[in-house]
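To keep things clear, I will list the structure first and then write my remarks on it.
There are 2 protein chains.
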Amino acid sequence: MTRIYATYDIETPVGLDRAASVLAGEQSTGTFVRLAAETDELRARSAAVIESITATGSASKPALPTRKTGATYDRGLVTVSWPLGNFGTSLPTLLSTLAGNLFELAELSAIRLVRMDLPADFARAHPGPQFGATGTRRFMGGHDGPLIGTIIKPSIGLTAQDTADLVRSLVAAGIDFIKDDELQANGPDCPFDARLEAVMRVINDHADKTGKTVLYAANITDEIDQMKRNLDKMQRLGASCAMVCVSSAGQAGVRSVRDHSAALIHGHRAGWGVYSRSPDVGISFEVMQKLWRLAGVDHLHVNGLANKFTEDDATVAEAARAVQTPVSDHGGPAHTSMPVYSSGQTIWQIDPARRVLGNDDFIFCAGGGIMSHPSGPAAGVESLRLAAEAAQQGIPIEAFATKGDPLSQAMAQFPRPNISL
Amino acid sequence: MTRIYATYDIETPVGLDRAASVLAGEQSTGTFVRLAAETDELRARSAAVIESITATGSASKPALPTRKTGATYDRGLVTVSWPLGNFGTSLPTLLSTLAGNLFELAELSAIRLVRMDLPADFARAHPGPQFGATGTRRFMGGHDGPLIGTIIKPSIGLTAQDTADLVRSLVAAGIDFIKDDELQANGPDCPFDARLEAVMRVINDHADKTGKTVLYAANITDEIDQMKRNLDKMQRLGASCAMVCVSSAGQAGVRSVRDHSAALIHGHRAGWGVYSRSPDVGISFEVMQKLWRLAGVDHLHVNGLANKFTEDDATVAEAARAVQTPVSDHGGPAHTSMPVYSSGQTIWQIDPARRVLGNDDFIFCAGGGIMSHPSGPAAGVESLRLAAEAAQQGIPIEAFATKGDPLSQAMAQFPRPNISL
């Protein structure tokens, strides 16, 4: 396969055929005045091709404000393909092409990039995750089951020493994974270096005493050169997991970290809502997560089932599965990452989270689900581990729990959410 | 001023006061269960503060699909502030904070970041444009008036030699500025190195013969390390303008180019529609252009008056003015860039383009407006230069043109667009 395929959900006042032509033209050889240089040979080599058009509906009003108007606004799925010769395997130019000026076309009153089908050459050309799930477990000195994790809270405001003190109580509680909040990076009130030093003293002490290495995802997100300095600091202190806000640092920023890093890359998708919230403009997670994985994220946030945000459970499940699906349907390295569930997660979500994937290669982050356990954080972690064990054995937690154990206490404490899968 | 202010246009089913609290909490010290560590002292230091709430309307249906529902969906402008102590002057963390998880809040059925007010420290902490308009003119060996430019078309499909041949005819026509299309970066069919070599031979020959240096904005957009290699290649060949697609490379990518570059940075905003198209989710250009300027763009695309895309003239005018407005209202370097007008531009748009700004520090890119001139490209360039001269002297082109001159020919050739300023 030597072409890249993209599918768009569009709405248009000028008819689906015409709109698809404009889109394919704008993103390849077309200009609004046909030029002499646009020869048949050039078009055969470089023009985008409309592969299919499927009408899905029609409306009397445009979904988005648009300069062109029509009697009806036709909705449909349009698949367009480009030859690899136009931009090779460059991800930034793939973005400029598949997700560039087309969002502003006057002929479109809705435009979402919903699917992208990449040749195996893309999978081969990019480094992808350096460690993935297997490497993550290796960093921990071996670990079975999902990683039980949490996020430093409050998100922002703790000093470096406050953070280390909280980490001390979390590692004592038996946690596997701790991450900074996306708001906490390198501000004057909690500088990265001081925080990393204070936290790694606790993590390393705990490893020396117990043999267990807790992963600390330090939020290195910053300008490229600063991220490199942060990574160097991590290496000196034996820190093995770098959190990067993939939208804030950009996909090219993630790749730069990957090229420079001996650490796991924990991808946080703060800002994701800009792409996901509107049904009428944006880019699907199915598409974006391929770019982030090609760039090298080992872990990628997918929200949580029954989360406190807007995404429904079907969307979250699809996102989690996407991260474990090969990046190209046509061969090359699979470049799978570990999905990270978080947001309002308790013992009730572990079994469905596992069922979505059919395996334990995920990170499960809980906040209140650990800290608000009636018998304290250690019981909170234990209750989640018991729930994970129950899920692995295919036993409902109601049957798995024994009276008065941490799991049954958690079941009494946390209301059971509605989850629709 | 030691706080950063952001204004959001929101819609909510839970009441504006409650929605503003959730937003401010999510993006600073709040958690959905209040923690012991969230002390009054911590909140005083780090919490986001709701500065103002102004109701603007109400609807019976939500603008965007949302999990929470209400009897009415209240719309309003909410201004929130954060202390600099939380994240200092880091642009990526500013993005994670002002434009992060909040887009996904279930309490919001619309959320756009519309304004951002930065302290002078932000202007001081960032390099900003290295050259701006003055430096751009210096690279050209001095130049009066707006830069008359064009874009290589077809966008993609020309070989390196085809491109150089087209450039030869353009420089012969007297053009000031030529840019690659955003689709043309470093694909196998037109590799960056080969194209740059072929084009710079033409540009440098022309400079040797005529003393005039035409700027060629070479599209370097790629992964960070590749952009650096492209910049090195440019320096060896005496190329002085690097085009970067600011969304595809990311703001951190732009900054990385700025730190490594002895060249002008020509910022192209391919993909901008994702942020701009929906009135209910996204980020305004007023906000984003500040980030790109702080990161270092010397030129920034703003669309054109009477363009072929969706933005109306008021939006384009506001964008062009924004790029020339100091990045902070409170002092520090102004970091102004040159606005770049393009898309369906002819002699009719130069006067209004200049009136919007009140000066000639802009780049005016025309395609058909040059190539389709009845007396050829040289007359096309000359007609635009005459139109610019008329604008500078405050004379309507109808009065400035003389019978049969390139300007009057262009007026006869190109239909006069409706422009509403």
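Chains A and B, in that order, are what the protein sequence lines are.
Under our numbering, the first residue of the first sequence is numbered 999, with each subsequent residue one higher.
Under our numbering, the first residue of the second sequence is numbered 999, with each subsequent residue one higher.
Backbone N, C-alpha and C define an ideal beta-carbon position, used for all residues, glycine too.
Since we're looking at a predicted model, the values are computed, not measured.
Delimiting residues of the alpha helix (DSSP H) encompassing residue i
i: Thr1334 of chain A; result: No alpha helix (DSSP H) holds Thr1334 of chain A; DSSP gives it neither H nor E.
i: Thr1091 of chain A; result: Leu1089 to Leu1096
i: Thr1064 of chain B; result: From DSSP, Thr1064 of chain B is part of no alpha helix (DSSP H); its letter is neither H nor E.
i: Val1255 of chain B; result: Gln1249 to His1258
i: Trp1346 of chain B; result: Ile1345 to Leu1355
i: Pro1404 of chain A; result: Pro1404 to Gln1411
i: Tyr1022 of chain B; result: According to the sequence shown, residue 1022 of chain B is Ala rather than Tyr. Run containing Ala1022 of chain B: Leu1014 to Glu1024, per the alpha helix (DSSP H) assignment.
i: Gly1083 of chain B; result: Leu1082 to Phe1085
Sheet register partners of residue i (DSSP bridge)
i: Asp1007 of chain B; result: B:Leu1075 and B:Arg1110
i: Val1242 of chain A; result: A:Gly1265
i: Phe1362 of chain A; result: A:Ile1146 and A:Tyr1339
i: Ile1176 of chain A; result: A:Thr1148 and A:Tyr1214
i: Trp1270 of chain A; result: Paired residues: none, contrary to the question.
i: Arg1001 of chain B; result: B:Pro1081
Assumed close pair residue i, residue j - CB separation to whole angstroms, cut-off 8 Å
i: Pro1186 of chain A; j: Gly1083 of chain B; result: 5 Å
i: Gly1147 of chain B; j: Phe1362 of chain B; result: 7 Å
i: Leu1116 of chain A; j: Val1076 of chain A; result: That pair is no contact at about 18 Å.
i: Ser1019 of chain A; j: Leu1062 of chain A; result: Not quite, the Cβ-Cβ distance comes to about 20 Å (not below 8 Å), so this is no contact.
i: Gly1086 of chain A; j: Ile1008 of chain A; result: Wrong, their Cβ atoms sit about 27 Å apart, outside the cutoff.
i: Gly1098 of chain A; j: Ala1250 of chain B; result: Incorrect: roughly 19 Å between the Cβ atoms, too far for contact.
i: Thr1420 of chain A; j: Gly1139 of chain A; result: With chain A covering 999 to 1419 only, the question about residue 1420 of chain A has no answer from this structure.
i: His1258 of chain A; j: Leu1229 of chain A; result: 6 Å
i: Glu1102 of chain B; j: Ala1017 of chain B; result: The pair is not a contact, with the Cβ atoms about 13 Å apart (cut-off 8 Å).
i: Ser1276 of chain A; j: Val1078 of chain B; result: Ser1276 of chain A to Val1078 of chain B, Cβ: 22 Å. No contact.
Residue i, DSSP secondary structure in three states
i: Gly1147 of chain B; result: strand
i: Phe1398 of chain A; result: helix
i: Phe1101 of chain A; result: helix
i: Gly1392 of chain B; result: coil
i: Ser1418 of chain A; result: coil
i: Ile1201 of chain B; result: helix
i: Phe1307 of chain A; result: strand
i: Ile1154 of chain A; result: coil
i: Asp1038 of chain B; result: helix
i: Pro1117 of chain B; result: coil
i: Pro1127 of chain B; result: coil
i: Arg1291 of chain B; result: helix
i: Arg1122 of chain B; result: helix
i: Pro1375 of chain A; result: helix
i: Arg1275 of chain B; result: coil
i: Ser1326 of chain A; result: coil
i: Ala1171 of chain B; result: coil
i: Met1138 of chain A; result: coil
i: Thr1027 of chain B; result: coil
i: Ser1370 of chain A; result: coil
i: Gly1209 of chain A; result: coil
i: Gly1302 of chain A; result: coil
N-terminal and C-terminal residue of the beta strand (DSSP E) that residue i is part of
i: Asp1298 of chain B; result: A small correction: the amino acid at residue 1298 of chain B is Leu; Asp does not occupy that position in the sequence shown. Start and end: His1297 to His1299.
i: Thr1231 of chain A; result: Checking the displayed sequence, the identity of residue 1231 of chain A turns out to be Lys instead of Thr. That residue, Lys1231 of chain A, is in no beta strand (DSSP E); its alpha helix (DSSP H) goes Ile1222 to Leu1235.
i: Gly1185 of chain B; result: Taken as a continuous stretch (DSSP letters only), Gly1185 of chain B belongs to no beta strand (DSSP E), as it is neither H nor E.
i: Ala1215 of chain B; result: Leu1213 to Asn1217
i: Ala1057 of chain B; result: Val1047 to Ala1057
i: Val1279 of chain A; result: Val1279 to Ile1281
With 8 Å as the C-beta to C-beta threshold (strictly closer), list the residues of the region 1032-1047 of chain B near chain A in chain order.
Leu1033, Ala1035, Glu1036, Leu1040, Arg1041, Arg1043, Ser1044 and Ala1045
Selection of the region 1143-1168 of chain A by Cβ proximity to chain B, strictly under 8 Å
Answer in chain order: Lys1151, Pro1152, Ser1153, Ile1154, Gly1155, Leu1156, Asp1160 and Leu1164.
Contact list for the region 1208-1226 of chain B against chain D, Cβ threshold 9 Å:
Judged by its chain identifiers, the structure shown contains no chain D, and its protein chains are A and B.
Going along the region 1096-1127 of chain B in order, which residues come within less than 7 Å of chain A, judged by CB to CB distance?
Ala1097, Gly1098, Asn1099, Phe1101, Glu1102, Leu1103 and Ala1104
With 9 Å as the C-beta to C-beta threshold (strictly closer), list the residues of the region 1301-1320 of chain B near chain A in chain order.
Asn1301, Asn1305, Lys1306, Phe1307, Thr1308, Glu1309 and Asp1310
Identify each residue in the region 1183-1212 of chain A for which the Cβ-Cβ distance to at least one residue of chain B is less than 8 Å, and report them in chain order.
The residues in question are Ala1183, Asn1184, Gly1185, Pro1186 and Asp1187.
Along the region 1257-1279 of chain B, what residues have a CB closer than 7 Å to any CB found in chain A?
Asp1257, Ala1268, Gly1269, Trp1270, Gly1271, Val1272, Tyr1273, Arg1275, Ser1276, Pro1277, Asp1278 and Val1279
What residues from the region 1320-1340 of chain B come within 7 Å of chain A, judged by C-beta to C-beta, listed N to C?
none
Return the residues of the region 1058-1072 of chain A that lie within a Cβ-Cβ distance of less than 8 Å from chain B, sorted by chain order.
Leu1062, Pro1063, Thr1064 and Arg1065
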